[in-house]
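See below for the structure under consideration.
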Amino acid sequence: MVKLHHAGERWVLTLSPNRSANWVQTKLLITTMAFFVLIIALAWTLVGAWLVLPFAGIEVALLWFIAYKVSLYTYQQQVITITATSIELQLGTYRPQKSWTFNKSDTYIALVEAKNAFECIQLRFIDGSRQIIFAEFLNQADRKVALEYLKAVPIRVLSDKWWHA
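For what it's worth, the UniProt record's numbering labels the leading residue of the sequence shown as 1, then goes sequentially.
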């Protein structure tokens with residue numbers, strides 16, 4: 001998801017992954033699945049196949065862990081703040097955990113074009129000393145929207161396939 005907020009000389013572009021379910025919905029799904037798995041495991045235990053029960057517990061615990069990690073991943077976001085002289089990139093989950101500040105006149109966006117229909121474009125901020133990849137959790141359509149917003153600010157964009165432009 002890409003959101004642009006413009007106030008005076010300040011542009012704020014917020015990038016976050018698309019989230020099909022929030023944590024409450026994910027917990028409800030896991031609880032429902034755990035209920036059915038444990039009912040089946042208990043039925044097998046009652047007919048004498050008690051060895052099924054620990055594996056059902058492991059299955060539910062693994063499902064819970066994986067769903068938690070995936071849900072946590074969908075709450076990350078990147079915030080790009082652009083002023084007349086600087087570009088600031090912040091990323092984190094729930095709060096900024098990493099931050100980089102670039103001088104706007106020395107910074108450009110390196111666009112790595114997709115090689116085929118199954119790949120996405122790649123975006124990087126590059127100044128004289130470092131390059132930071134951003135928007136890597138976005139789908140192709142959202143990356144293109146973010147790129148168009150950044151071109152409108154304006155920020156220089158250099159493509160690896162400059163001869164196609």
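Positions of the beta carbon are idealized from the N, C-alpha and C atoms, including for glycine.
{"Asked": "Environment of residue 11 [buried if 16+ CB atoms lie within 10 Å]", "Found": "buried"}
{"Asked": "Cβ neighbour criterion (16 or more within 10 Å) applied to residue 143", "Found": "buried"}
{"Asked": "Proximity to residue 67 [Cα-Cα], best of 19, 126, 13, 146", "Found": "19"}
{"Asked": "Beta-carbon gap between residue 212 and residue 103 smaller than 9 Å", "Found": "Examination of residue 212 is not possible in this model, given that the chain is present from 1 through 165 alone."}
{"Asked": "Distance between residue 101 and residue 87 (C-alpha atoms, nearest Å)", "Found": "6 Å"}
{"Asked": "Spatially closest choice to residue 15 from 48, 43, 96, by CA coordinates", "Found": "96"}
{"Asked": "Distance CB(residue 128)-CB(residue 106) smaller than 9 Å", "Found": "yes"}
{"Asked": "Selected residue, minimal CA-CA separation from residue 31, among 90, 113, 57", "Found": "57"}
{"Asked": "Beta carbon of residue 124 nearer than 9 Å to that of residue 134", "Found": "yes"}
{"Asked": "Enclosing alpha helix (DSSP H) for residue 156 [first to last residue]", "Found": "Looking at the DSSP string, residue 156 is not in any alpha helix (DSSP H), and its letter there is neither H nor E."}
{"Asked": "Start-to-end residues for the beta strand (DSSP E) that takes in residue 138", "Found": "Note, residue 138: premise wrong, no beta strand (DSSP E); not H, not E."}
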